[in-house]
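K.L.:
Top to bottom, those sequences are chains A and B. By the UniProt record's numbering, the letter at position 11 of the first sequence is numbered 11, and the numbering carries on one by one without gaps. By the UniProt record's numbering, the letter at position 229 of the second sequence is numbered 229, and the numbering carries on one by one without gaps. Please see the structure below; I have some questions.
Protein chains: 2
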Amino acid sequence: MTRRPVTSVDVARLAGVSQSAVSRAFSPEASISPAMRARVLEAAATLNYRPSRIPAIMLSGRSLMIGVIVGGLSNPFYASALEQVAVSLQASGFQVLLVHVDDALTLDAALNQLASYRVDAVITALAIGTRDTAEALSALNIPAICFNSRFVGRNISTITSNNRQSGAMAAKIMRECGVRFPVWLAGPARNAASRERRHGFFDALTDHALIDHALIDHALTSDTPSPHPILELQGNDTYESGFNAMRDLLDRNFRPDGLFCSNDLMACGAMDALRDHGGLACPKDVIVIGYDNIPQGAWHAYDLTTFDQRTEKLVDAAMDILNDAFRPGAKALSRKIVVAAALVVRRSTAKAPPQVR
Amino acid sequence: MTRRPVTSVDVARLAGVSQSAVSRAFSPEASISPAMRARVLEAAATLNYRPSRIPAIMLSGRSLMIGVIVGGLSNPFYASALEQVAVSLQASGFQVLLVHVDDALTLDAALNQLASYRVDAVITALAIGTRDTAEALSALNIPAICFNSRFVGRNISTITSNNRQSGAMAAKIMRECGVRFPVWLAGPARNAASRERRHGFFDALTDHALIDHALIDHALTSDTPSPHPILELQGNDTYESGFNAMRDLLDRNFRPDGLFCSNDLMACGAMDALRDHGGLACPKDVIVIGYDNIPQGAWHAYDLTTFDQRTEKLVDAAMDILNDAFRPGAKALSRKIVVAAALVVRRSTAKAPPQVR
DNA sequence: GATGATGTTGCATAGCTATGCAAAAACCGG
DNA sequence: CCGGTTTTTGCATAGCTATGCAACATCATC
Numbered sequence: 001m002t003r004r005p006v007t008s009v010d011v012a013r014l015a016g017v018s019q020s021a022v023s024r025a026f027s028p029e030a031s032i033s034p035a036m037r038a039r040v041l042e043a044a045a046t047l048n049y050r051p052s053r054i055p056a057i058m059l060s061g062r063s064l065m066i067g068v069i070v071g072g073l074s075n076p077f078y079a080s081a082l083e084q085v086a087v088s089l090q091a092s093g094f095q096v097l098l099v100h101v102d103d104a105l106t107l108d109a110a111l112n113q114l115a116s117y118r119v120d121a122v123i124t125a126l127a128i129g130t131r132d133t134a135e136a137l138s139a140l141n142i143p144a145i146c147f148n149s150r151f152v153g154r155n156i157s158t159i160t161s162n163n164r165q166s167g168a169m170a171a172k173i174m175r176e177c178g179v180r181f182p183v184w185l186a187g188p189a190r191n192a193a194s195r196e197r198r199h200g201f202f203d204a205l206t207d208h209a210l211i212d213h214a215l216i217d218h219a220l221t222s223d224t225p226s227p228h229p230i231l232e233l234q235g236n237d238t239y240e241s242g243f244n245a246m247r248d249l250l251d252r253n254f255r256p257d258g259l260f261c262s263n264d265l266m267a268c269g270a271m272d273a274l275r276d277h278g279g280l281a282c283p284k285d286v287i288v289i290g291y292d293n294i295p296q297g298a299w300h301a302y303d304l305t306t307f308d309q310r311t312e313k314l315v316d317a318a319m320d321i322l323n324d325a326f327r328p329g330a331k332a333l334s335r336k337i338v339v340a341a342a343l344v345v346r347r348s349t350a351k352a353p354p355q356v357r
Numbered sequence: 001m002t003r004r005p006v007t008s009v010d011v012a013r014l015a016g017v018s019q020s021a022v023s024r025a026f027s028p029e030a031s032i033s034p035a036m037r038a039r040v041l042e043a044a045a046t047l048n049y050r051p052s053r054i055p056a057i058m059l060s061g062r063s064l065m066i067g068v069i070v071g072g073l074s075n076p077f078y079a080s081a082l083e084q085v086a087v088s089l090q091a092s093g094f095q096v097l098l099v100h101v102d103d104a105l106t107l108d109a110a111l112n113q114l115a116s117y118r119v120d121a122v123i124t125a126l127a128i129g130t131r132d133t134a135e136a137l138s139a140l141n142i143p144a145i146c147f148n149s150r151f152v153g154r155n156i157s158t159i160t161s162n163n164r165q166s167g168a169m170a171a172k173i174m175r176e177c178g179v180r181f182p183v184w185l186a187g188p189a190r191n192a193a194s195r196e197r198r199h200g201f202f203d204a205l206t207d208h209a210l211i212d213h214a215l216i217d218h219a220l221t222s223d224t225p226s227p228h229p230i231l232e233l234q235g236n237d238t239y240e241s242g243f244n245a246m247r248d249l250l251d252r253n254f255r256p257d258g259l260f261c262s263n264d265l266m267a268c269g270a271m272d273a274l275r276d277h278g279g280l281a282c283p284k285d286v287i288v289i290g291y292d293n294i295p296q297g298a299w300h301a302y303d304l305t306t307f308d309q310r311t312e313k314l315v316d317a318a319m320d321i322l323n324d325a326f327r328p329g330a331k332a333l334s335r336k337i338v339v340a341a342a343l344v345v346r347r348s349t350a351k352a353p354p355q356v357r
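Printed below as a string of structure tokens:
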């Protein structure tokens, strides 16, 4: 086994032709006679030769690699999103250079790596919140696409779900179900999407003033941080945080009858706490709404009403941006795209409205 | 915005030094004076220059990229495995070139892509069963590492969980719980790991002859494929397949009291069917054992006893293989490593043995 | 100050493929 | 068979960085 990989010159020598001929044999559009191509391909097969894209990267300035930055693949939503991104990129002839990131520190190093491998663009599903990271992204001077991030900047495009309207929709469901003690289970504070969902939810609920403020205020103990009439719990997007937050609430003898969670993982955790810790039945005693439409939400143990972000549409939008960005003569673009989420109604909100409309 | 990326020559010109100096400024071991380095780095910062690894790939013959082939990220086990592989590879200074594969057809194309990008090695968690794919992998002439695949070949190393012993361990638990009507819920037939688990489970159960054959035989209808005294259900590693298989069994009025599933997703599905469709309580009426230790198995709705494959050990083993393979003067290696799975006992098997020992 | 040792810098080149251009070949019509 | 047209082939080169080597500078030592 020779360590050096087979080169086009090796093939050319074996076939008794020039190196250019070998190159052309592997290029479908090239001008080459069928006889020549056959001869070359035969020699190539003998040596098990495959043309390298590395020199082509230098010449063309296009690596056809897209840097994909991920974090938290333990959330099935992100795992699935990554899968769809990978499939779409491959279908468009791109390669995926994957980078996993834990914190902002790693991100900087990751961006350096991606830059040195000359990726043509970057796609990330991280909640890029800080100005620093956005600027670092901009400085790469290549198209960047962020999912569910609010940040805009030169060369940065964002694709988000219509989080605010979805929040309002959740509020509408609460009203229709006659919810009197609504609870909002928030994701991490730095998550822009979570903040938007909260915004829409709170605004729509308080606007319509269908909440029994007095009762809720009464239920709030002094150390509750939220100044709103809707009870707010703090989570961090994991099942455990949802379970714990709800368990603590139940321990304080608060019995919600409506719960909107910033994502499905927390919703599942909260539902388990409601059932096992509070003895509350869903949807009879409490209705629950999540976000993301992860497969687990459809499992019979949960049967969770949720919002589907339509990842396929998000990903399609990303592909459109890439195509536009690479069109010859294209300028740096920073587009902002919002895709409407689709409400998926399941049993967790199947409560007959107790009051006549 | 100039389309052409900044080059080391640009930096050299601005700093008034040679191109070599720029290169050395970015190479920690290089012989260069602090003054020179500072000057270069300043110019580089001005131009936002980062050295490209592309020419270095050509010169060194090492891309430091590892091709990672995945499929079925909707299984949290694989998503998590990918995450850990990515983290470890990055920590070792490698990049991850990710390829998603649906079927064998795509795999061939994927291998060609990886080869043309000159990845230094390939890691895959696919169940590579056919001889063709293994040969294609071998033909790449680079180290290949397969998780949970039985195939061996030149340059192919395999890392598997000790599936057979785990199966035997599951049988032991069944015996201790006094199970009389055991059921095996299999993964796809082409999944080598699933076959091994079945093997260990069946052997250990029949060896000890603690199963009430007559009763089980009676329960088997004529069209049941399995010739064994243990009832065998066919799944495809998804929640739905587990749910459906169990529901169909219950519809035929069979009431199992012990269930071993080839993976946790199917176990969760089967548990939901047992509860909602058969009215059976776990662990009182039926005990359930899964495989993989996905987070969902720990959720309160399931609380599933399962086998943890110790992904961190599998991944460490993979890193060891890579390091050895890249050691100067190393020969092609095809190692076979087996890592013992760790039994995680939870409530789904918490049944007091009814019979005195 | 001469000598040698050590440290620093620049020059030149390798690495592999795609492609513009020119040369050669093939083909075609008369 | 010949000039012209089209097709095919080979030559030469670009693309960017790391590094061996030589040249040069610096420094210490006697």
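Note that beta-carbon positions come from the ideal geometry of N, C-alpha and C, so glycine has one too.
Evaluate Glu83(B) with the Cβ neighbour count: other Cβ atoms within 10 Å of its Cβ, from every protein chain shown; 16 or more gives buried, anything less gives exposed.
P.N.:
For the purposes of this step, residue 83(B) is identified with residue 83 of the second sequence, where counting begins at 1. With 16 or more Cβ atoms within 10 Å of its Cβ, Glu83(B) is classed as buried.
K.L.:
Find out if the Cβ-Cβ distance for the pair Arg198(A), Gly61(B) is shorter than 8 Å.
P.N.:
As a position in the first sequence, residue 198(A) is number 198, starting the count at 1. As a position in the second sequence, residue 61(B) is number 61, starting the count at 1. Their beta carbons are not under 8 Å apart, which means Arg198(A) does not touch Gly61(B) by this criterion.
K.L.:
The segment 261-283 of chain A: which residues have C-beta closer than 7 Å to a C-beta of chain B, in chain order?
P.N.:
Listed in sequence order: Cys268, Asp272, Asp276.
K.L.:
Could you please tell me which residues of the UniProt domain "HTH lacI-type" (6-60) of chain A, in chain order, have their CB closer than 7 Å to any CB of chain B?
P.N.:
Residues Asn48, Arg50, Pro51, Ser52, Arg53, Ile54, Pro55, Ile57, Met58.
K.L.:
Quick check: is the beta carbon of Val345(B) nearer than 8 Å to any beta carbon in chain A?
P.N.:
In the second sequence, the residue the question calls residue 345(B) occupies position 345. No, no contact with chain A.
K.L.:
For a contact defined as C-beta to C-beta under 9 Å, what are the partners of Ser348(A) on chain B?
P.N.:
Along the first sequence, one-based indexing puts residue 348(A) at 348. Residues of chain B passing the Cβ test: none, with the nearest at roughly 13 Å.
K.L.:
Would you please verify whether the beta carbon of Leu97(B) is less than 8 Å from any beta carbon of chain A?
P.N.:
As a working mapping, residue 97(B) is identified with position 97 in the second sequence. Yes, Leu97(B) counts as interfacial toward chain A.
K.L.:
Got a sec, what are the start and stop residues for the beta strand (DSSP E) Leu126(A) sits in?
P.N.:
In the first sequence, the residue the question calls residue 126(A) occupies position 126. Careful: Leu126(A) lies outside any beta strand (DSSP E) and carries neither H nor E.
K.L.:
Enumerate in chain order the residues of its own chain whose CB-to-CB distance from Lys313(B) is below 6 Å, with the five nearest sequence positions on each side excluded.
P.N.:
As a working note, residue 313(B) is residue 313 in the second sequence. Only Val339 meet the Cβ criterion.
K.L.:
Please determine, among Ser262(B), Phe260(B), Asn253(B), the residue with the shortest C-alpha to C-alpha distance to Gly279(B).
P.N.:
Position 279 of the second sequence, counted from the start, is the residue given in the question as residue 279(B). Selected option, being the one with the closest Cα: Asn253(B).
K.L.:
Work out the CA separation of Met58(B) and Ser52(A) for me, nearest whole Å.
P.N.:
Here residue 52(A) refers to the residue found at position 52 when the first sequence is read from its first residue. Here residue 58(B) refers to the residue found at position 58 when the second sequence is read from its first residue. Computed Cα separation, rounded: 10 Å.
K.L.:
Strictly under 8 Å for the Cβ-Cβ distance: is Val286(A) near chain B by that measure?
P.N.:
The residue labelled residue 286(A) in the question sits at position 286 within the first sequence. Closer than 8 Å: no.
K.L.:
Taking its Cβ as the centre, do 16 or more other Cβ atoms sit within 10 Å of Ser8(B), making it buried, or is it exposed?
P.N.:
The residue labelled residue 8(B) in the question sits at position 8 within the second sequence. By the 10 Å Cβ count, Ser8(B) comes out buried.
K.L.:
Any beta-carbon of chain A closer than 8 Å to the one on Leu105(B)?
P.N.:
Translated into the one-based positions of the second sequence, residue 105(B) becomes position 105. Leu105(B) does not count as touching chain A.
K.L.:
Just checking: is the beta-carbon of Val119(B) within a distance shorter than 8 Å of some beta-carbon in chain A?
P.N.:
Taking the first residue of the second sequence as position 1, residue 119(B) is located at position 119. So, not an interface residue.
K.L.:
Rounded to a whole number of angstroms, what is the C-alpha to C-alpha distance between Asp248(B) and Asn48(A)?
P.N.:
Here residue 248(B) is taken as the residue at index 248 of the second sequence, counted from 1. Here residue 48(A) is taken as the residue at index 48 of the first sequence, counted from 1. The alpha-carbon atoms of Asp248(B) and Asn48(A) are separated by roughly 50 Å.
K.L.:
Can you list, in chain order, the residues of the segment 70-88 of chain A whose Cβ is nearer than 7 Å to any Cβ on chain B?
P.N.:
From the segment 70-88 of chain A, only Leu73, Ser74, Pro76, Ala79, Ser80, Leu82, Glu83, Ala86, Val87 have a Cβ closer than 7 Å to chain B.
K.L.:
Relative to the alpha-carbon of Phe147(A), which residue among Arg327(A), Cys261(A), Asn191(A) has its alpha-carbon at the smallest distance?
P.N.:
Sequence index remark: in the first sequence, residue 147(A) carries index 147 (1-based). Selected option, being the one with the closest Cα: Asn191(A).
K.L.:
May I have the straight-line CA-CA distance separating Glu232(A) from Asp292(A), to the nearest angstrom?
P.N.:
The residue labelled residue 232(A) in the question sits at position 232 within the first sequence. The residue labelled residue 292(A) in the question sits at position 292 within the first sequence. Distance between the alpha carbons of Glu232(A) and Asp292(A) is about 20 Å.
K.L.:
With 16 as the cutoff for other CB atoms within 10 Å, does Val11(A) come out buried or exposed?
P.N.:
Here residue 11(A) is taken as the residue at index 11 of the first sequence, counted from 1. Label assigned to Val11(A): buried.
K.L.:
According to DSSP, which residues form a beta bridge with His100(A)?
P.N.:
Translated into positions along the first sequence, residue 100(A) becomes position 100. Its beta-bridge partners are Val70(A).
K.L.:
By the criterion of Cβ-Cβ separation under 7 Å, what are the contact partners of Trp299(A) in chain B?
P.N.:
Here residue 299(A) refers to the residue found at position 299 when the first sequence is read from its first residue. Within chain B, the residues near Trp299(A) are Tyr239, Cys268, Asp272.
K.L.:
Please determine, among Ala298(A), Asn162(A), Val152(A), Ala350(A), the residue with the shortest C-alpha to C-alpha distance to Ala342(A).
P.N.:
Residue numbering aside, residue 342(A) sits at position 342 when the first sequence is read from its first letter. Residue Asn162(A) is the option with its Cα nearest to Ala342(A).
K.L.:
Hey, would you say Pro143(A) sits closer than 8 Å to Ile337(A), going by beta carbons?
P.N.:
Residue mapping note: residue 143(A) aligns to position 143 of the first sequence, counting from 1. Residue mapping note: residue 337(A) aligns to position 337 of the first sequence, counting from 1. Result no, Cβ atoms of Pro143(A) and Ile337(A) do not sit closer than 8 Å.
K.L.:
Can you tell me whether Arg327(B) is buried or exposed, with buried defined as 16 or more other CB within 10 angstroms of its CB?
P.N.:
Within the second sequence, residue 327(B) is the residue found at index 327, counting from 1. Answer is exposed; the Cβ neighbour count stays below 16.
K.L.:
If you drop the 5 nearest sequence neighbours on each side, which residues of the same chain put their C-beta closer than 7 Å to that of Phe243(B)?
P.N.:
In the second sequence, residue 243(B) corresponds to position 243, counting from 1. If we look at Phe243(B) and ignore the five residues flanking it on each side, its Cβ neighbours are Gly269, Ala270, Asp272, Ala273.
K.L.:
Step through the CB atoms of chain A and report whether any lies within less than 8 Å of the CB of Arg4(B).
P.N.:
Residue 4(B) sits at position 4 when you count from the first residue of the second sequence. Yes, Arg4(B) counts as interfacial toward chain A.
K.L.:
Is the number of C-beta pairs between the segment 80-100 of chain A and the segment 19-34 of chain B that are closer than 8 Å three or more?
P.N.:
At 8 Å Cβ cutoff, the stretches do not touch.
K.L.:
Using 8 Å for Cβ pairs, my map puts Pro295(A) next to Ser74(B). What's the rounded Cβ distance?
P.N.:
As a first step, residue 295(A) is located in the first sequence; it is residue number 295 there, counting from the start. As a first step, residue 74(B) is located in the second sequence; it is residue number 74 there, counting from the start. At roughly 6 Å, the Cβ-Cβ gap stays under 8 Å, so Pro295(A) and Ser74(B) are in contact.
K.L.:
Indicate whether the contact test is met: 3 or more Cβ pairs, each with one atom in the segment 232-241 of chain A and one in the segment 259-267 of chain A, closer than 8 Å.
P.N.:
Yes: the two stretches touch, three or more of their Cβ pairs being nearer than 8 Å.
K.L.:
DSSP has Pro182(B) in a bridge; who is on the other side?
P.N.:
Sequence index remark: in the second sequence, residue 182(B) carries index 182 (1-based). Answer is Gly258(B).
K.L.:
If you draw a straight line from the alpha carbon of Ala332(A) to that of Gln309(A), how long is it in whole angstroms?
P.N.:
Sequence index remark: in the first sequence, residue 332(A) carries index 332 (1-based). Sequence index remark: in the first sequence, residue 309(A) carries index 309 (1-based). Each residue's Cα considered, the two are about 27 Å apart.
K.L.:
Using only alpha-carbon positions, find the residue among Ile69(A), Leu126(A), Cys261(A), Glu42(A) that is nearest to Gly187(A).
P.N.:
By 1-based counting over the first sequence, the position of residue 187(A) is 187. Checked all of Ile69(A), Leu126(A), Cys261(A), Glu42(A); the closest Cα to Gly187(A) is Cys261(A).
K.L.:
Give, in chain order, every residue of the segment 156-190 of chain A whose Cβ lies closer than 9 Å to some Cβ of chain B.
P.N.:
If the cut-off is 9 Å between Cβ atoms, the segment 156-190 of chain A has nothing near chain B.
K.L.:
Are the C-beta atoms of Ala139(A) and some chain B residue less than 8 Å apart?
P.N.:
Taking the first residue of the first sequence as 1, we reach residue 139(A) at position 139. Output row for Ala139(A): interface = yes.
K.L.:
Distance check for Asp257(B) and Leu89(B), CA to CA, integer angstroms please.
P.N.:
Sequence index remark: in the second sequence, residue 89(B) carries index 89 (1-based). Sequence index remark: in the second sequence, residue 257(B) carries index 257 (1-based). One C-alpha to the other measures close to 44 Å.
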